[in-house]
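> Dropping a structure here in structure tokens format, bear with me for questions.
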Amino acid sequence: MSNSSSLNLTVQSLKTFVPAKDYTIALEFYQAIGFELVWSNEQLSLMRCQNFSFLLQNFYEQTLAENFMMHLLVGYVDDWWQHLTRVSSQFSHPLQLTQPENRAWGMRDFTFVDPSGVLWRVASEL
Numbered sequence: 115m116s117n118s119s120s121l122n123l124t125v126q127s128l129k130t131f132v133p134a135k136d137y138t139i140a141l142e143f144y145q146a147i148g149f150e151l152v153w154s155n156e157q158l159s160l161m162r163c164q165n166f167s168f169l170l171q172n173f174y175e176q177t178l179a180e181n182f183m184m185h186l187l188v189g190y191v192d193d194w195w196q197h198l199t200r201v202s203s204q205f206s207h208p209l210q211l212t213q214p215e216n217r218a219w220g221m222r223d224f225t226f227v228d229p230s231g232v233l234w235r236v237a238s239e240l
């Protein structure tokens, strides 16, 4: 067994692969809500918002997408809600945007659903 104090276990990034039913629509959607397209090919795109990113994949399986959840912790959840409310009119897909609520676990949050059925929970600490 090795001594863990001599190992460098620094984590530099953790990304999830988010499914896309219609890759083109998903790319447009995420850019419209504030994610930057960093890199892309026909199968995969790196999407970034400030220092955080995920990989949008040109892959769709309904059961996976409808049971997939992302959690975005932000500084001001009400500002994000206002932003998404404003940009939602650009989409043919309804965001299913919920109202922000204070939660017993010390967060204020709301949810929305992307065009592929992925649920996003946007929150800030109370």
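Numbers given in this note's numbering equal positions in the sequence shown, counted from 1, plus 114.
Quick reminder that beta carbons are idealized off the backbone N, C-alpha and C, glycines included.
(1) Keeping to the same chain, check which residues put their C-beta closer than 8 Å to that of T225; ignore five residues upstream and five downstream.
(2) Determine the direct distance from the alpha carbon of E156 to that of R222, and round the result to whole angstroms.
(3) Can you list, in chain order, the residues of its chain whose CB lies under 6 Å from that of M115, leaving out five sequence neighbours each side?
(4) Checking 8 Å against the spacing of the C-beta atoms, do F182 and V132 come in under that value?
(5) Which same chain residues end up closer than 6 Å to Y300 when comparing Cβ atoms and leaving out the 5 residues on each side of it in sequence?
(6) Is DSSP giving A134 helix, strand or coil here?
Quick answer:
(1) If you number the sequence shown from 1, residue 225 lands on position 111. If we look at T225 and ignore the five residues flanking it on each side, its Cβ neighbours are Q210, L211, T212, L233, W234, R235 and V236.
(2) Locating residue 222 in the sequence shown gives position 108, counting from the first residue. Locating residue 156 in the sequence shown gives position 42, counting from the first residue. Taking C-alpha positions only, R222 is separated from E156 by approximately 37 Å.
(3) Against the sequence shown, residue 115 aligns to sequence position 1. The predicted model places M115 with a pLDDT of 48, which falls under 50 and marks its position as unreliable; any figure quoted below should be read in that light. Around M115: no qualifying Cβ.
(4) Counting from one through the sequence shown, the residue named residue 182 turns up at place 68. Counting from one through the sequence shown, the residue named residue 132 turns up at place 18. Yes, they are a contact pair.
(5) Only positions 115 to 240 of the chain appear in the structure, and residue 300 is not among them; the question remains open.
(6) Against the sequence shown, residue 134 aligns to sequence position 20. Residue state, collapsed to three classes: coil.
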